[in-house]
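K.L.:
Going down the list, the sequences are from chains A and B. Every letter in the first sequence is one number past the one before it in my numbering, and letter 203, counting from 1, is 203. With the second sequence counted from 1, adding 1000 to any position gets you my numbering. Think of the CB as a built atom: it goes at the ideal place given N, C-alpha and C, for glycine as much as any other residue.
Number of protein chains: 2
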Amino acid sequence: MKELTKQQSKVLACVEVYLNKTGFPPTRAEICKELGFKSPNAAEMHLRALEKKGYIAIQSGSSRGISVVKSQQNFTQSPDQMPVIGLVAAGSPTLAEENIEKRIPCDPNMFADSFDYFLKVKGLSMIEAGIHEDDLVAIKKTTDVKNGDLVVVRLEDEVTLKYFKQNNHNLELIPANKDFSIIEVDLREQEAFVEGKSVGLIRTH
Amino acid sequence: MKELTKQQSKVLACVEVYLNKTGFPPTRAEICKELGFKSPNAAEMHLRALEKKGYIAIQSGSSRGISVVKSQQNFTQSPDQMPVIGLVAAGSPTLAEENIEKRIPCDPNMFADSFDYFLKVKGLSMIEAGIHEDDLVAIKKTTDVKNGDLVVVRLEDEVTLKYFKQNNHNLELIPANKDFSIIEVDLREQEAFVEGKSVGLIRTH
DNA sequence: TTATATACTGTAAAAATATACAGTATAAAT
DNA sequence: ATTTATACTGTATATTTTTACAGTATATAA
Chain A
1 MKELTKQQSK VLACVEVYLN KTGFPPTRAE ICKELGFKSP NAAEMHLRAL
51 EKKGYIAIQS GSSRGISVVK SQQNFTQSPD QMPVIGLVAA GSPTLAEENI
101 EKRIPCDPNM FADSFDYFLK VKGLSMIEAG IHEDDLVAIK KTTDVKNGDL
151 VVVRLEDEVT LKYFKQNNHN LELIPANKDF SIIEVDLREQ EAFVEGKSVG
201 LIRTH
Chain B
1001 MKELTKQQSK VLACVEVYLN KTGFPPTRAE ICKELGFKSP NAAEMHLRAL
1051 EKKGYIAIQS GSSRGISVVK SQQNFTQSPD QMPVIGLVAA GSPTLAEENI
1101 EKRIPCDPNM FADSFDYFLK VKGLSMIEAG IHEDDLVAIK KTTDVKNGDL
1151 VVVRLEDEVT LKYFKQNNHN LELIPANKDF SIIEVDLREQ EAFVEGKSVG
1201 LIRTH
């Protein structure tokens, strides 16, 4: 099987992801939108190349007439098992096997945004936001967070779940419980690592 | 899940076979050709019926925008699309398509107990249990509930989510908000229908 | 007897989509 | 220095496809 160029590989992945999410293949225009191309012909050329190399088949004249012949990644057909990580007092939440308490079968796209793992909540600092002890907060690994986001932040070796608010070098980590006080950090004096942000929550009754 | 008519069943099978063979869904015209209809509207009507009964989802305006939600055969392994139902003021929560606000890809076994649908929470009566407006409560259809369970109960045409407590003919539906009062029902005087119980909760941030 | 649901035909317009053609730009190969 | 392959933009058009509307026919329920 012939090698794919970087862009061809991206296009194939895009088709596969779309197919997985919607159940039918994307149009040229949709591929463009996803990958940032400005001409439908960009997608067309890549698709033709993928066809030539035997990765897809194109039904000429049919809309969305793409079928994936040889998948790049092996999509697991069974439901994903998303890991649950305890909010350990020390160190970053890592996906190392020893930190995974258990796994929950669910779709990483079940919330508005995709997520990477569940964080098990300890303590009552966010209770007024309806976040209880042992709730599982779905975390997307990212450093791209805005004021007001519910974020996972590491200070020294302490990991915490709080609302995020930053003005220049002044970082505030805001709890949702009047018995707790705001954590203020001067970023010139102390480092803070944003591990990710919450995109959702689940709780077992 | 509602029963299908003979023709609807044929159309669903046709879609599934086509999907299996080509990798993308058929158009109305192709369904007609396959099943011998002479008008694309014949296929259209059957597809709309299948959508209403929850077997497929149709992406409006998209060509071939059909995704099979609930397969007749059991060969689609894609993650289940669990329905979200609004807590309507009147009548039971039903799974008829007109009551389904959207669907969420997730595993029906993600909680300790399996569930049938999500109920979208209205109001603040359970806020002290960390259940907010617009949270989605996972409901298992059952009448087998115990005191202390979080249940969906219908009184007359009112559907409500409360804690369950019953002593003989005396039923109490207990909110989790000090501004709300307990609903007391004498079962000799008034009927109460237990629609199901909550097995979990999800919230999108 | 009059609805009501199922099950279509036939037509047509609007919208979505594939796809051809004419270019531009860049890097690597010859 | 010129070709060749990759990687696009931009435009236009023919075709595909959805979808609304107006009917017809039949069986079943109220």
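Is the CB-CB distance between A/L201 and A/D116 below 7 Å?
P.N.:
No, the pair does not count as a contact, with Cβ atoms beyond the cut-off.
K.L.:
Taking the DSSP output, what are the residues bridged to B/V1153?
P.N.:
In DSSP, B/V1153 forms a bridge with B/T1160, B/V1194.
K.L.:
Run through DSSP, which three-state label would B/P1105 get?
P.N.:
Strand, per DSSP.
K.L.:
Between B/M1110 and B/G1036, what straight-line distance do the alpha-carbon atoms span, to the nearest angstrom?
P.N.:
For B/M1110 and B/G1036, the distance between alpha carbons rounds to 43 Å.
K.L.:
If you draw a straight line from the alpha carbon of B/G1091 to that of B/E1044, how long is it in whole angstroms?
P.N.:
The pLDDT assigned to B/G1091 is 48, lower than 50, so where the model puts this residue is not dependable, and the model offers no usable value.
K.L.:
Can you give the Cα-Cα distance for B/S1039 and B/I1100, rounded to whole angstroms?
P.N.:
Spanning the two alpha carbons is a distance of roughly 29 Å.
K.L.:
Inspect the beta-carbon positions of A/D149 and A/F164 and report whether they are closer than 7 Å.
P.N.:
Cβ atoms of A/D149 and A/F164: closer than 7 Å.
K.L.:
Between the stretch 1009 to 1027 of chain B and the stretch 179 to 192 of chain A, do three or more beta carbon pairs fall short of 8 Å?
P.N.:
Result no; under three Cβ-Cβ pairs closer than 8 Å.
K.L.:
Quick check on A/V199 - is its C-beta less than 7 Å from some C-beta in chain B?
P.N.:
Closer than 7 Å to some Cβ of chain B, the Cβ of A/V199 qualifies, so yes.
K.L.:
A/N177: which of A/S114, A/E128, A/R64, A/I58 sits nearest, CA to CA?
P.N.:
Answer by Cα proximity: A/E128.
K.L.:
Between which two residues does the alpha helix (DSSP H) containing A/K21 stretch?
P.N.:
Start and end: 6 to 22.
K.L.:
For B/L1050, which residues of its own chain have a beta-carbon under 7 Å away from its beta-carbon, when the five flanking residues on both sides are left out?
P.N.:
The answer, listed in chain order, is Q1008, V1011, L1012, I1056.
K.L.:
Taking B/L1119 as the reference, which of B/K1033, B/K1021, B/V1199, B/C1014 has the closest Cα?
P.N.:
When each option's Cα is compared against that of B/L1119, the closest is B/V1199.
K.L.:
Using a C-beta to C-beta distance shorter than 7 Å, which residues of chain B count as neighbours of A/L150?
P.N.:
Chain B residues near A/L150: H1205.
K.L.:
Any beta carbon of chain A sitting closer than 7 Å to that of B/S1039?
P.N.:
B/S1039 does not count as touching chain A.
K.L.:
Would you call B/K1197 buried or exposed, if buried means 16 or more other Cβ atoms sit within 10 Å of its Cβ?
P.N.:
B/K1197 is buried by the Cβ-count criterion.
K.L.:
Going by alpha carbons, who is nearest to B/I1139 out of B/N1167, B/A1042, B/T1160, B/G1123?
P.N.:
When each option's Cα is compared against that of B/I1139, the closest is B/T1160.
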